[in-house]
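Encoded as structure tokens, the structure appears first; notes follow it.
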Amino acid sequence: MWLLARVSPVAGEGVAAQQWIFTLWALVCVPLVAAAVLALVSLSPGAPWRAAHLAASPVLVLLAHVSTDLLGVTLMVLGLWAWRRDRPWVCGLLLGAALLVRPFPLLLLAAILLVGVRRRQTLPALQALVGTVLGALVVLLPLVTLQPESLSAAQLWWGQPAGYGALQMIPRLLGSTVPTWVTTAVAVTGWVVALIVGFRASRRPELDVEQVTALMLLVVALTAASVSVQSGLWVLPFLATAAIRWAEHLLWALAEGLVFLTTWLHIAFASDPGRGLPGDAYALTVVLRAAAWAWILWRVGTRPAPQVAAQRPVPTSTPARTVSPS
């Protein structure tokens, strides 16, 4: 968004400047979605319609313009595509750039390392790890030079209370006080438990990188200090690669839409209780959304990778002619 603000014809913080940034971001979203969809189609050439779980999802329409998460999602999908094409360095560079948007790509990297070791692909997995570090540095160093306050959010995370969308916020919504160190400890513990779950899941030969990532994402989401409304975008690629049924997709999307609406209503409650949503009602929708995440990610993570229909082989030589008797 900082870059879009730089190229916007209208500067400042007024309504006109915000409208220009929104319009520019909407234009950027088009090639981002196209790139992610093409990568998903390439991952499943025998079943290209699986990519519709991203391209045609109501969650995409609802959440794509909230923040720049779609950029991170696209980079993560392209990183997965590069891994499938035996390009671990490219995979790492893309994941490194993606994790500067959200930390979720670290789960995909962990799954690549765990599954890679199981399949005796240790060297490519380590190359992806080094590439991730390099990719993050390539983006981070110029960003910090131009905008030193860009790391403030990461620094403040350690001392912030539980935020919107997280199960850890429920005690505060119901009037209780939870120390910030407890919130941080639960979130960090969730990442540790997620790695343990990923290690155990990676030992099952029928599960691939996407399934292992989904199971780890489930644990991280349930223990996170904050699960923003746009976090649902990160689930969409896994619904596509797992070929989840559309009925299940839409049921999960309904929970995402409900929390999207109630989050803004609860924010409005602070300024106008008569038109906002109280904390106890909002807490109920957070629980419903967490249950939807747990259910859909469990469905993705525990089902074997879908098989792609084999393509018809292409002949490599010209068949011999049959000489008819004269």
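So the sequence shown is residues 23 to 348, counted in my numbering. Even for Gly, the Cβ is constructed at its ideal location relative to N, Cα and C.
Distance between residue j and residue i (C-alpha atoms, nearest Å)
i      : j      : result
LEU272 : LEU162 : 37 Å
TRP47  : LEU196 : 37 Å
LEU217 : ALA133 : 9 Å
ALA207 : LEU189 : 14 Å
TRP317 : GLN143 : 31 Å
HIS288 : ILE192 : 13 Å
VAL249 : PRO67  : 33 Å
ALA104 : THR202 : 39 Å
GLU278 : TYR304 : 13 Å
LEU62  : ALA264 : 11 Å
ALA247 : MET238 : 16 Å
PRO209 : ARG72  : Inspection of the sequence shows that residue 209 is occupied by Ala rather than by Pro. Roughly 32 Å separates the two Cα atoms.
LEU117 : PRO300 : 39 Å
TRP179 : LEU151 : 24 Å
GLU171 : TRP274 : 36 Å
VAL50  : ALA290 : 30 Å
ASP407 : ARG107 : Absent from the structure is residue 407, since the part of the chain shown begins at 23 and ends at 348.
THR245 : THR211 : 8 Å
VAL155 : LEU115 : 8 Å
PRO295 : ALA243 : 29 Å
LEU60  : GLN41  : 29 Å
ARG124 : ARG267 : 27 Å
VAL83  : PHE44  : 14 Å
ALA74  : GLY254 : 16 Å
PRO183 : VAL200 : 8 Å
LEU131 : ASP230 : 13 Å
LEU168 : GLU270 : 44 Å
LEU122 : GLY181 : 20 Å
Where residue i falls: helix, strand or coil (DSSP)
i      : result
GLN252 : helix
TYR304 : helix
PHE282 : helix
LEU121 : coil
ALA188 : coil
ALA132 : helix
ALA277 : helix
GLY323 : helix
GLY101 : helix
SER198 : coil
SER172 : helix
LEU299 : coil
PRO183 : coil
SER293 : coil
PRO227 : coil
PHE221 : helix
ILE266 : coil
ARG107 : coil
ARG140 : helix
Beta-carbon proximity list for residue i, same chain, < 6 Å, skipping 5 on both sides
i      : result
PHE260 : GLU232, ALA236, VAL322
ALA119 : LEU97, GLY157, VAL161
GLN186 : Rather than Gln, the amino acid found at residue 186 in this sequence is Tyr. Closer than 6 Å at the Cβ level, and outside the excluded window around TYR186, lie THR285.
LEU310 : ALA277
GLY101 : CYS113, LEU116, LEU117
LEU280 : THR307
ALA86  : CYS51, LEU92
GLN149 : PRO110, TRP111
Close beta carbons around residue i, own chain, < 8 Å, minus the five adjacent residues each side
i      : result
ARG225 : ARG140
ASP302 : LEU195, LEU196
TRP256 : ASP91, GLY94, VAL95, MET98, ARG124, PHE126, LEU239
ARG325 : GLN233, ALA264
Boundaries (first-last residue) of the alpha helix (DSSP H) holding residue i
i      : result
ILE192 : 192-195
VAL152 : 144-168
ALA243 : 231-245
ALA262 : 258-263
Contacts around residue i, its chain only, beta-carbon distance under 7 Å, and the 5 residues preceding and following it disregarded
i      : result
PHE221 : LEU136
PRO337 : Unreliable placement is indicated for PRO337, whose pLDDT of 42 sits below 50; no coordinate value is reported for it.
PRO373 : The question about residue 373 has no answer, for the chain in this structure spans 23 to 348.
beta-carbon residue i near the ligand SAH non-hydrogen atom, thresh 7 Å
i     : result
LEU93 : With respect to the ligand SAH, the structure offers nothing, as it holds no ligand at all.
**Message:** Please give the ranges of any alpha helix (DSSP H) in the segment 42-97, keeping only runs that are unbroken, at least 4 residues long and fully inside the region.
**Reply:** With a minimum length of 4 residues, the continuous alpha helix (DSSP H) runs that stay inside the segment 42-97 are 74-77, 80-85.
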